[in-house]
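4 protein chains.
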Amino acid sequence: MAKTFAVIGGDLRNLKLAEHLAEDGHKVKLFGFKNIEISPKVTDEVSLEEAMKDSDVVVGPIPCSKDEQTINCTFYNLKIYLDDILRLMSKEQIFVAGFLSESIIHLMQNYDLQCHDILKREEMAVLNAIPTAEGAIQIALEEMPITLHNSKALVLGYGRIGKVLSKMLHGIGAKVHVAARKYQDLAQIEAMGYIPIRMPEVSTYLNTFDVIFNTVPHVIIDSKELQGIRKDSLIIDLASKPGGINFEKAKDLGVKTIWALSLPGKVAPVTAAKYMKDTIYNILNDSGL
Amino acid sequence: MAKTFAVIGGDLRNLKLAEHLAEDGHKVKLFGFKNIEISPKVTDEVSLEEAMKDSDVVVGPIPCSKDEQTINCTFYNLKIYLDDILRLMSKEQIFVAGFLSESIIHLMQNYDLQCHDILKREEMAVLNAIPTAEGAIQIALEEMPITLHNSKALVLGYGRIGKVLSKMLHGIGAKVHVAARKYQDLAQIEAMGYIPIRMPEVSTYLNTFDVIFNTVPHVIIDSKELQGIRKDSLIIDLASKPGGINFEKAKDLGVKTIWALSLPGKVAPVTAAKYMKDTIYNILNDSGL
Amino acid sequence: MAKTFAVIGGDLRNLKLAEHLAEDGHKVKLFGFKNIEISPKVTDEVSLEEAMKDSDVVVGPIPCSKDEQTINCTFYNLKIYLDDILRLMSKEQIFVAGFLSESIIHLMQNYDLQCHDILKREEMAVLNAIPTAEGAIQIALEEMPITLHNSKALVLGYGRIGKVLSKMLHGIGAKVHVAARKYQDLAQIEAMGYIPIRMPEVSTYLNTFDVIFNTVPHVIIDSKELQGIRKDSLIIDLASKPGGINFEKAKDLGVKTIWALSLPGKVAPVTAAKYMKDTIYNILNDSGL
Amino acid sequence: MAKTFAVIGGDLRNLKLAEHLAEDGHKVKLFGFKNIEISPKVTDEVSLEEAMKDSDVVVGPIPCSKDEQTINCTFYNLKIYLDDILRLMSKEQIFVAGFLSESIIHLMQNYDLQCHDILKREEMAVLNAIPTAEGAIQIALEEMPITLHNSKALVLGYGRIGKVLSKMLHGIGAKVHVAARKYQDLAQIEAMGYIPIRMPEVSTYLNTFDVIFNTVPHVIIDSKELQGIRKDSLIIDLASKPGGINFEKAKDLGVKTIWALSLPGKVAPVTAAKYMKDTIYNILNDSGL
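Chains as they are written, first to last, in the numbering used here: chain R, 1 to 289; chain U, 1001 to 1289; chain Y, 2001 to 2289; chain D, 3001 to 3289.
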């Protein structure tokens, strides 16, 4: 059933999200976009009030805010205050954005407002693994003096990103090794046709790899491990802070490391917008709307 | 470190397991195999006592027993009683077998004996998905008058078997659709390159499939759903009891269904023995042995 | 543009071909099918004359004839003579069948009649590699006591069948090795992600394989090579006469060999009929019809 | 058997080739490399004479020469004359380089000298398709605002590059369509699991693709075709001159095109050196050395 969406601020993803929603037949009102071409399918509102009025869903940016006060707006040079959004929201409306801080969530709950962190949705996290894996492969292709095909690649961790990245590397023709801790993950890795490595034994093999992708968000490749890594290897870290590499030590030893964060919005904003749309629909579905 | 294993009864898997263990340098004593060639690497004992004496691990069959009294012995025509095994076991020994009934487990625990149901180990279940998927594909190849390549295939459920089966069907060139309930599974299915279908909507599409594989252990394809399935379709049910198909109704309607159970031991006993070995090593590792 | 087809004799493939042609909007007349259900979309003619009259294309069986006199008819107990077909054909009609003997082709040409051996069409041969590969995999799944997944598989020859079979085996998870003679084929094999083996060196590696598929139509696995093959290996020969294995010697040595011929018609007659249809359209297209 | 190689000039590929040859146990003499670190495994000669003396094989650069007089030297600021190489060569020596002009080949033959254009070797061309495909994918990942996964991709041509590129795109999860002219190629495309499109009908579908890769070295995407391509599509041309796109017209219409040439040396020089080594061994093998 057609709904009304207010899309407030954000980057290219939110703009594309607005278009996608409009293409599906929804009414979409936009606020916080200047100096960028806006599709005639959506209405560009003059005020936050107009945009939010009568909206079923209010979509904010990913990440929502960097200063806890204003929301991120790539294409707008005035400030949009979170306080104003809160003030204008009704209890029937749903607020959706990414990386909501605990204080924002707390505040919303205090006012009995419904809010959802889209990045905490498991399906969004799974889908985001796709552009993350492609971004990691792009970096590897750019940086390596050898082909990924026939290269020895190691993926540390077999979670959401590890699963998709392994599949794509295998699809390009790399010799994919995956290190994991749980027996059942090791069994799954073998079942998928990759070479499983028990995490505690991974340091023994490190010097054999041309490229190492880390997906585990705690330091796995520390001083000791780094000493076993070849100088012509490349390490790409995809884990959020603190990352999985001792970067300082890596620099000292001359091991090339790249810490690649927030890839989905960078490498495939249009696709990321599509994932947002699908996930918002799921949120509505779960809410019985 | 080399251990002593007693392998008691069972089918070809236990015999192969014994050989595999011996090849890894362990001492292996066998009991319950007659009229079948036994590798010189293992010792064929004259009594249960001799076999179990000084063993670190006692391996029983999969399934352990059909009557709760004697253990399964494909190659032995006398009876081996569970009671005798219990009586001969010491608290230092580990008993490993498959499909242990609650009463056996209870009994063992009462005597302070260590026992492990190998089929309850998650990694064993994951590995068993490989021969199960191959067995399912074999049946499909035997029964279908069209190639799997370019066929429209539906996999119901995206658990252990669903994951491996989808991958193999995709590898052969089928157009793989997977139905699941959870959003995150649907996202994972899309990430893997298959076509996701929401389980509640699956009945809408049933008439488009050439072959349907069920992996969900409750009735999903009931009277209503069966009416939507083409007469030239094939349904292969891989789910344990009660299965996922209303078989009686299917028969009435002339829809071809095959209920394929316990495939690993049937289609690839030698590989199943290797999985058993790996899993027993994990059990020992977890037990600090 | 709609045409008129006469489908004369043959097996299930010709019957399905007739249905497929009718579904595409062509007029289809059938002769040589009794005691089998015939789709109402085609007309079952009472005589060869009626069937062939006004037909643009006359389709015979695969293979066309075993005795050079009558055509193959699985579902007809009277004889249909090739002479009669020749007598009834006009120069505007096109005759299409499989395995046309040189004498038939010669005879047709003498009468200025147009005939095409569908199996000599390169695209038909390529497509037939699909069911052939599936049939080979089915046999391997049935016969091997281990899973294809993780097995060491050797494909001898990288022609039409070798290409498709390698891809499917790889898709199931086998460790695929392909032996070929030409450098460029070996390079292509490597590019596809399989392990290339130079044909002259293949005998060195034979004892490492769990299953060997031959696609080369001359004896490659002779006495000497057979001695290097493990007794628990399986050899599946897909090559037409004389095949690629010294079968007699293999039997003496206790090496299990299976010579699998004419798989497409056996394992996937409905798909084979679809390939026939597509190829007949190509023939018409090439003929400017 | 160990040989002596003289590697003369060229870029990073020749330097790596020299190292690879030395690692295989050959004696390698280098000339034409300054201001770059040279492995101690090879000897850096002071003169062309010293380098070529007693060499079995003289390896020049890819491409050999841009001016028909001097050979390409990325890491050398003095000139090395082709005339000098010719003068110093004996009839027992083999000269190997890439893109040999007809006049050089003619000159060599006049002096009865053996020369081989390594890029004319079919296996080298097949192997070079691997880094070419990876380079094309890298460009697509860099330029597209959507993921390759689930994108609609078209590959024009199913030759060496088309085959590898299709496989890799499929492995990443793109919906791969391949346009070809020959029926047998279309059949092969279908057998590999891609969607075949007949070349004459390709213009009908052009507006549906997110990315188009051309591998055919004559203009296929001309004014008319360009008009059917979406403005948010990306065209990557991998064909050598004159390329397959009317670039001028594309620019006028605002269709984004990238002409990517000589990718192997750019994206994977170390791998390209390995291919050179393997191909040189094949040349020696063919020459009975």
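We put the CB at the ideal spot given by N, CA and C, even for glycine. Remember, predicted model here, so these are calculated numbers, not experimental data.
- Query: How would you list, in chain order, the residues of chain R whose beta-carbon sits under 7 Å from the beta-carbon of D:Gly3157?
  - Reply: By Cβ distance, chain R contributes nothing, its closest Cβ being about 20 Å from D:Gly3157, past 7 Å.
- Message: For a cutoff of 9 Å on Cβ pairs, would you count R:Glu190 as touching chain Y?
- Response: The Cβ of R:Glu190 sits closer than 9 Å to at least one Cβ of chain Y.
- From the DSSP output, in three-state form, read off U:Asp1156 for me. In the sequence as displayed, the identity of residue 1156 of chain U is Leu instead of Asp. DSSP places U:Leu1156 in strand when its eight states are reduced to three.
- D:Asp3232 versus R:Leu88: straight-line alpha-carbon distance, rounded: So the two alpha carbons sit approximately 37 Å from each other.
- Message: Between R:Thr132 and R:Ile161, how many whole angstroms is the CB-CB distance? I'm expecting something under 8 Å.
- Response: That belief holds up - the Cβ atoms of R:Thr132 and R:Ile161 are roughly 5 Å apart, short of 8 Å.
- Kindly list, in the order they appear in chain A, the residues whose Cβ is closer than 7 Å to that of Y:Gly2173. Looking for chain A here will not work: the only protein chains present are R, U, Y and D.
- For Y:Leu2165, return the contacting residues in chain U, with the cut-off set at a CB-CB distance below 9 Å. Under the 9 Å cutoff, chain U gives no residues; its nearest Cβ is about 11 Å from Y:Leu2165.
- Task: Give a yes or no on whether the minimum CB-CB distance between Y:Thr2279 and chain D is below 9 Å.
- Result: Chain D, which has a Cβ nearer than 9 Å to the Cβ of Y:Thr2279, makes this yes.
- Item | Validate contact between the region 3070–3085 of chain D and the region 3010–3023 of chain D using beta carbons, cut 8 Å, 3 pairs | The answer is yes - the region 3010–3023 of chain D touches the region 3070–3085 of chain D, with three or more Cβ pairs under 8 Å.
- Task: Check D:Leu3107 in the structure and name its three-state DSSP category.
- Result: DSSP places D:Leu3107 in helix when its eight states are reduced to three.
- Message: Cutting at 6 Å between CB atoms, please list the residues of its own chain near U:Ala1268, excluding the five before and the five after it.
- Response: Answer for U:Ala1268: Pro1131, listed in chain order.
- Can you list the residues of chain R that D:Thr3271 reaches, using a CB-CB cut of under 7 Å? Correct list: Ile146, Thr147.
- Message: Assuming U:Pro1264 and U:Ala1272 are in contact, meaning their beta carbons sit under 8 Å apart, how far apart are those beta carbons, in whole angstroms?
- Response: Indeed, because the Cβ distance is near 5 Å, the residues count as touching under 8 Å.
- Message: Run through chain Y and tell me which residues come within less than 7 Å of U:Glu1142, C-beta to C-beta.
- Response: At a beta-carbon threshold of 7 Å, the residues of chain Y lying near U:Glu1142 are Gln2138, ordered along the chain.
- Query: Hey, would you say R:Met144 sits closer than 9 Å to R:Val211, going by beta carbons?
  - Reply: Here R:Met144 is near R:Val211, since their CB atoms are less than 9 Å apart.
- Just mark U:His1106 as buried or exposed, buried being the case when its beta carbon has 16 or more other beta carbons within 10 Å. That one is exposed.
- Task: Could you name the residues of chain R that D:Met3276 contacts, counting a contact when the two beta carbons are closer than 7 Å?
- Result: Ordered by position in chain R, no residue passes the 7 Å Cβ test against D:Met3276, which lies about 14 Å from the chain.
- Task: Helix, strand or coil for Y:Arg2230, going by three-state DSSP, please let me know.
- Result: DSSP places Y:Arg2230 in the coil class of the three-state scheme, outside both helix and strand.
- At 8 Å on the CB atoms, spell out the chain R contacts of D:His3106, in chain order. Within chain R, not a single residue places a beta-carbon under 8 Å from that of D:His3106; the smallest gap is close to 35 Å.
- Query: Looking only at C-alpha atoms, which of R:Leu261, R:Asp252, R:Arg230, R:Leu253 sits nearest to R:Gly244?
  - Reply: R:Gly244 has its Cα closest to that of R:Leu261, out of R:Leu261, R:Asp252, R:Arg230, R:Leu253.
- In chain R, which residues lie less than 8 Å from D:His3177 when you measure between Cβ atoms? In chain order: nothing, as chain R lies at least about 17 Å away.
- Query: If we ignore side chains and look at the alpha-carbon of each, how far apart do R:Glu49 and R:Gly288 end up?
  - Reply: Cα atoms of R:Glu49 and R:Gly288: separation of roughly 26 Å, rounded to the nearest angstrom.
- Item | Cβ neighbours of D:Ala3153 in the same chain (closer than 6 Å, five flanking residues each side left out) | Cβ neighbours of D:Ala3153 beyond the five flanking positions: Leu3169, Ala3174, Val3176, Val3211.
- Item | Below-9 Å beta-carbon distance, Y:Gln2109 vs any chain D residue | Chain D contact via Cβ: absent.
- Query: Tell me, which residues are paired with Y:Thr2070 by DSSP?
  - Reply: Per DSSP, Y:Tyr2081.
- Sheet register partners of U:Pro1196 (DSSP bridge): DSSP, once it has assigned bridges, lists U:Val1178 as partnering U:Pro1196.
- Anything in the region 1109–1131 of chain U with a Cβ closer than 7 Å to a Cβ of chain R? List those residues in chain order, please. Within the region 1109–1131 of chain U, the qualifying residues are Glu1122, Glu1123, Val1126, Leu1127, Ala1129, Ile1130.
- Task: Using 10 angstroms around the beta-carbon of D:Pro3061, count the other beta-carbons present and answer buried if the total reaches 16, otherwise exposed.
- Result: The residue in question, D:Pro3061, is buried, as its Cβ has 16 or more Cβ neighbours within 10 Å.
- Is DSSP giving U:Gly1010 helix, strand or coil here? U:Gly1010 carries a strand assignment under DSSP once its states are collapsed to helix, strand and coil.
- Message: Is the beta carbon of D:Phe3005 closer than 9 Å to that of D:Lys3029?
- Response: Yes, Cβ-Cβ distance for D:Lys3029 and D:Phe3005 is below 9 Å.
- Below 6 Å CB to CB, which residues in the same chain sit around U:Gly1032 once its five sequence neighbours on both sides are set aside? Cβ neighbours of U:Gly1032 beyond the five flanking positions: Ile1008, Gly1009, Cys1073, Tyr1076, Ile1080.
- Count the other C-beta atoms from every protein chain shown that fall within 10 angstroms of the C-beta of Y:Ala2002, then say buried if there are 16 or more, exposed otherwise. By the 10 Å Cβ count, Y:Ala2002 comes out exposed.
- What residues are listed by DSSP as bridge partners for Y:Asp2044? For Y:Asp2044, which the question treats as bridged, DSSP gives the partners Y:Leu2030.
- The alpha helix (DSSP H) spanning D:Asn3285 covers which residue range? Run containing D:Asn3285: 3269–3286, per the alpha helix (DSSP H) assignment.
- Counting only runs of 4+ residues fully inside the region 3089–3146 of chain D, write out the alpha helix (DSSP H) ranges in chain order. Annotation: the region 3089–3146 of chain D contains the following complete segments of the alpha helix (DSSP H) (minimum length 4 residues), in chain order: 3102–3110, 3122–3143.
- Message: What would DSSP say about U:Ile1172, mapped onto helix, strand or coil?
- Response: Secondary structure at U:Ile1172: helix, using DSSP grouped into helix, strand and coil.
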